[in-house]
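Just so you know, this note's numbering puts 975 at position 233 of the sequence shown, and the rest follows in order with no gaps. Note that beta-carbon positions come from the ideal geometry of N, C-alpha and C, so glycine has one too. Worksheet for the structure shown next.
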Amino acid sequence: MLLMDAAALWLVGELSSYLRFEHGLADAAPINSMLLYFCVAAALFMFPSLEMYQSWRGRQASGMYFHVAFSFALLLACGLITTFLIHRAGELSRVWVATWYGNGVLALIANRKLAEMVSRYLQRHRRNLRRVVIVGYGSTGRDMHERALGGFGYEITAIYPGEHAADTPIAPGIQRLESLESIQQHVLESRVHEVWITLPVSEYGLLSELHHTLCDALIDIRWVPDAVSISFLSNRMINFLGMPTLDLNQPASANMQGMLKEVFDRAFSLMTLLLLSPLLIAIAIGIKLTSPGPVLFTQYRLGKNGKPFRVYKFRSMHVHNEGGAVTQARRDDPRVTRLGAFLRRTSLDELPQFINVLKGDMSVVGPRPHAMQHNDFYRSQLGMYMVRHRVKPGITGWAQINGCRGETETVEKMARRVQFDIHYIQHWSFLMDIKIILWTAWKGWTGNNAY
């Protein structure tokens, strides 16, 4: 696969050059060919280090696509930095580089789809299967068994039901194991590749004993915790007073990656404000010319740890007095100006919030901040609502790219939005932020719920 990737990058790089030059790279400055060969050679060393060849069996394809795009972008960035250091970057064809990157990502994904097709063909002929033992056959174990039948290349050879599921029937052809000794014997004799443990954390003693029994079997051991265990184990573990401690109310971003997020937020916001300054000025002039009142709309919102801050937006409504109440914008809201309707539909009214990010009140990605009165209401209706305020609010977020935009006229709609926000907080990573930003650029700034 590594050699296929290197060959694909070279071939796509050569072919892409004909879209820019009549005779390909032969017509281009030599630095373009040097960049191509440098990246192809560097891929042989960098791609394995970037885990490009880890097994994606049983995992989402979208994650694999993003990983491929990110890895090639990192490889290409190294090549571009090298051309800059030798003072030859000005001779590069930017059109060719961009075309090569886009086509290269498609070629790398095509390699993986081809490998997947070959793998599935072999699996249909009972080859390239990973033999699995399931330990614990409660609801989680049965769910994992059902999911494994979805064509991922797993074969369940035996099941240890456990005490709480001792009477649960097992499908014909699958061996029922009754003890830890029988599990160990089956693993060794049947050439098992993986053991999936689906016992709850309350059975820690059995978990520990099973791990100790199988740790030298040279197989993959996966623990699939139940929903209750996940709610605890997704939190950050620290050393506190010399003891390992779970911070149950601490967001995942409270670590070194969180520092990277802070630096990225400020740099990205500054770059965005500078690049879009002509657009910002044009919008400000348009607001002034089309309706009386200030250019910016400001309102207090709750930030990280419940600290209030003033959020900035381009004014999209006629100036009015709500009498202390805050009413969400509705579809065809008469308060919205004609220019404001366009700004809201395209989310351009949110651009001044990059100033909030520069000030440190907000992040580029995070739960969207709501009006103070809405916080008071939903706090009493939804038990986990205030967890959103353990992190900085964002300009865009996981909820927004999953369709949770616009008016939340029912508690159920807000509950769904909060569910996405909590998922983001518990599973945050810097790469997840980049993914959300890319998805926002692709589809998040416009949509049927934006008004």
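Nearest residue (CA-CA) to Met838, options Ser861, Leu778, Arg1147: Residue mapping note: residue 838 aligns to position 96 of the sequence shown, counting from 1. First, the residue type needs correcting, since residue 838 is Trp and not Met in the sequence shown. The shortest C-alpha separation from Trp838 is found at Leu778.
Let me know the secondary structure DSSP gives Ile1137 once reduced to three states. Residue 1137 sits at position 395 when you count from the first residue of the sequence shown. Correct three-state label for Ile1137: strand.
In three-state DSSP terms, what is Ile1027? Indexing the sequence shown from 1 puts residue 1027 at position 285. Helix at Ile1027.
Go through its chain and collect everything with a Cβ distance to Cys820's Cβ below 7 Å, but skip five positions before and after it. Taking the first residue of the sequence shown as 1, we reach residue 820 at position 78. Same-chain partners within the cutoff: Ala784.
Look at Gly1082 and Met1059 and say whether their C-beta atoms are less than 8 Å apart. On the sequence shown, position 340 is the one that residue 1082 refers to. On the sequence shown, position 317 is the one that residue 1059 refers to. Result yes, Cβ atoms of Gly1082 and Met1059 sit closer than 8 Å.
Coil, strand or helix - Ile901 by DSSP: For this step, residue 901 is matched to residue 159 along the sequence shown. In the structure shown, Ile901 sits in a strand (DSSP, three-state: E or B).
Determine the direct distance from the alpha carbon of Thr841 to that of Leu761, and round the result to whole angstroms. Position 19 of the sequence shown, counted from the first residue, corresponds to residue 761. Position 99 of the sequence shown, counted from the first residue, corresponds to residue 841. The alpha-carbon atoms of Leu761 and Thr841 are separated by roughly 8 Å.
How would you write the range of the alpha helix (DSSP H) that Asp885 sits in, first residue to last? Within the sequence shown, the letter at position 143 stands for residue 885. Here the alpha helix (DSSP H) through Asp885 covers 881 to 890.
With three or more beta-carbon pairs closer than 8 Å as the criterion, would you say the stretch 806 to 817 touches the stretch 766 to 775? no
Could you tell me which of Val1078, Tyr1120, Met743, Lys1049 sits nearest to Ser1033, measuring between CA atoms? Mapped onto the sequence shown, residue 1033 falls at position 291. Of the candidates Val1078, Tyr1120, Met743, Lys1049, the one whose C-alpha sits nearest the C-alpha of Ser1033 is Val1078.
Opposing strand residues paired with Leu1044 [DSSP bridges]: As a position in the sequence shown, residue 1044 is number 302, starting the count at 1. Per DSSP, Pro1050.
DSSP state of Trp1170, grouped into three classes? Walking along the sequence shown from the start, residue 1170 turns up at place 428. Residue state, collapsed to three classes: coil.
Please name the residue in Ala913, Arg866, Pro911 whose C-alpha comes closest to that of Gly893. Residue mapping note: residue 893 aligns to position 151 of the sequence shown, counting from 1. Here the closest residue by C-alpha is Arg866.
Classify Pro1094 as buried or exposed, calling it buried when 16 or more other Cβ atoms lie within 10 Å of its own Cβ. Locating residue 1094 in the sequence shown gives position 352, where the first residue counts as 1. The residue in question, Pro1094, is buried, as its Cβ has 16 or more Cβ neighbours within 10 Å.
What residue ranges within the stretch 752 to 819 form continuous alpha helix (DSSP H) runs of no fewer than 4 residues, ordered along the chain? 772 to 791
Within the continuous beta strand (DSSP E) that includes Ser950, where are the two ends? Sequence index remark: in the sequence shown, residue 950 carries index 208 (1-based). Segment 946 to 956 is the alpha helix (DSSP H) holding Ser950; no beta strand (DSSP E) there.
Could you tell me whether the stretch 848 to 860 touches the stretch 935 to 949, where touching means 3 or more Cβ pairs closer than 8 Å? no
Other residues of its chain near Tyr1042: CB distance less than 8 Å, five sequence neighbours each side excluded: Taking the first residue of the sequence shown as position 1, residue 1042 is located at position 300. Cβ within range, chain order: Pro1050, Phe1051, Arg1052, Val1053, Met1114.
In this structure, does DSSP put Ala913 in helix, strand or coil? Looking up residue 913 in the sequence shown gives position 171. Looking at Ala913 - three-state DSSP - the assignment turns out to be coil, as it is neither helix nor strand.
Please work out which residues of its chain come closer than 6 Å, Cβ to Cβ, to Phe780, disregarding the five sequence neighbours upstream and downstream, and give them in chain order. Taking the sequence shown and counting its residues from 1, the one referred to as residue 780 is at position 38. Contacts found: Gly821.
Separation of Lys1177 from Asp1046, as counted between CA atoms: Residue 1046 sits at position 304 when you count from the first residue of the sequence shown. Residue 1177 sits at position 435 when you count from the first residue of the sequence shown. Contrary to the premise, residue 1046 reads as Lys rather than Asp in this sequence. Each residue's Cα considered, the two are about 22 Å apart.
Would you tell me roughly how many angstroms separate the C-alpha atoms of Ser1280 and Gly1000, rounded to the nearest one? With the chain represented from 743 up to 1193, any question about residue 1280 goes unanswered, as that position is not in the structure.
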